[in-house]
Structures are given as structure tokens and as C-alpha cells.
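For reference, the structure discussed in these notes is given below.
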């Protein structure tokens, strides 16, 4: 496989093995390491403005039990992020999605925008977010919540959507998920049964939790169109070892 034919590598929450997840530093590190795209998580502030943060609650990285959706954008952008003993001196902050989008458009770096469960409670916020949105070429939306992908397809049908597989997904009826163009799966699903289900239903697939050690990286199934990883440099190197 030549470099030009390597499968695109998306950096999970940025290059999160090297910088704090979902921060500008992690996104810039991913670009530096040669990632082909960025996976990130969005939620909405109290005013309905998009920010990049994974958990519904702020406790893990901010140290407060508040919900993201209960805080104003001004509060959210002011918080310092990190482990408890490092947070006080941390330079990590929650990024506003609009700032990251402007940067990604400037770099023409595709985004994999994961829509989190909290958005189920603010569907009108999602519709407002989608209105007039201009993403880098190759960007797409992903979610564990199929109904959010239906909203994306209803309002911005030109954007690709990806349904993240769980134990509840109906593999024999993948074609019924008409609002999903693609299936995202944990690498434990890299098995003939699931790959063939994607082929049968004419859906592409991407795999996450990839770390660069997987034997299938050098001879991937033809349905695979992306890898999602904390270690973009390792996965890129593994694909070049041919």
C-alpha cells in the first residue's frame, strides 16, 4: 500500500495520547503528527453554543459537578482542565467549537464530530448548529444516538453520517439505518461477520481504539474508510510498513 492509498487516520479527541483530550493542543499535535482528520465531541452550553468536551459533567477534568449544559459559554471557556494536582497551573482549556472549526477550515483538516447524548435534550440547538455550517471537505457526524443522525440528514443531507455500533445494533438490518452512511465500530468488531454486514448494506466503516499494533492495518478490508486512534503517528507508520 503506497502512502497515497493509506486509509485516513482520525486522531481520537485529537492526539490524546500526547496532549489532553479535546483541547487545541491535542488537535495541533494531531496535525503535527500527520493525522488526516480529527475526532472530537460536542455539547451545548446553557445558551446553546457548541463547545468541545466529552463528558456531560465537568467533574473529571474541571473538578466541579456542574453539567456542561448548565454553564454559560463564558464559564466553560474560563475553566482550566487537567488532573486535580495539575489543574491549577494547566494551560488546557475547553475550546469553543467555532474556534476549532475556523482552524480546521484553514488547515482543510476533516472533522469527525461526535454528537453526545446531552444533545438529545436540545434538538433545536442541534438544528441551529447545523444551519449554515461549513465544514472541511471529508468531515462527517457520528453518534451512538441514531435519532441525532436523522436530524443531521433532515437538515444537512450533504454531510456524511456515521452510526457508532453498540450491542443493540441490528447487524442483519443495517440497511434500515437509512440516516447512517457509515458504521463506526470498536476494533473488537473487526470480524468477517460485521464487515460483510456493512458490505451487504452498502455502508462503509471506520474502526476506533486502534493503536498501531493491529495486523489488519497492512491489509485492510475494502469496506474500511478510516481508523480512529489516540496514536495517529503509530497508525500512519504501521500503514507505511509495506
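Residue numbers (our numbering): 21 to 262.
Even glycine gets a Cβ: it sits at the ideal position worked out from N, Cα and C.
The DSSP-derived three-state label of residue 163 is strand. Excluding residues up to 5 positions away in sequence, 28, 29 lie with their Cβ nearer than 6 angstroms to the Cβ of residue 56 in the same chain. In chain order, 130 place their CB closer than 6 angstroms to the CB of residue 158, counting only its own chain and leaving out the 5 sequence neighbours on each side. Taking a contact as a CB-CB distance under 8 angstroms, the pair residue 54 and residue 253 counts as one, their CB atoms being some 7 angstroms apart.
Spanning the alpha carbons of residue 110 and residue 248 requires a straight line of approximately 27 angstroms. Short of 6 angstroms from the beta carbon of residue 123, and not among the five residues preceding or following it, lies no beta carbon of its own chain.
Counting only unbroken stretches of 3 or more residues, the beta strand (DSSP E) elements lying wholly within the segment 117-147 are 131-135, in sequence order.
Of the candidates 80, 92, 190, 83, the residue whose Cα lies closest to the Cα of residue 213 is 190. Shortest Cα-Cα distance from residue 182 to any of 176, 174, 164 involves 164. Following the DSSP letters along the chain, one finds residue 45 inside the alpha helix (DSSP H) bounded by residues 44-52. Boundaries of the alpha helix (DSSP H) harbouring residue 220: 212-220, taken from the DSSP string. Where residue 98 is concerned, the enclosing alpha helix (DSSP H) starts and stops at 93-98. A distance below 8 angstroms separates the beta carbons of residue 175 and residue 150.
At the C-beta level, residue 211 and residue 230 stay beyond 8 angstroms of one another.
Assignment of residue 82 by DSSP, reduced to helix, strand and coil, places it in the helix class. Spanning the alpha carbons of residue 177 and residue 223 requires a straight line of approximately 16 angstroms. If you ignore the 5 residues before and after residue 39, its C-beta comes within less than 6 angstroms of the C-beta of 45, 46, 49, all in its own chain and listed in chain order. Contact between residue 63 and residue 138 holds: CB atoms are separated by about 5 angstroms, below the 8 angstroms threshold. Looking at the DSSP output, residue 64 shares a beta bridge with 70. Just measuring C-alpha positions, the residue of 128, 61, 116 sitting nearest residue 51 is 128. Within a 10 Å sphere around the beta-carbon of residue 67 sit fewer than 16 other beta-carbons, which makes this residue exposed.
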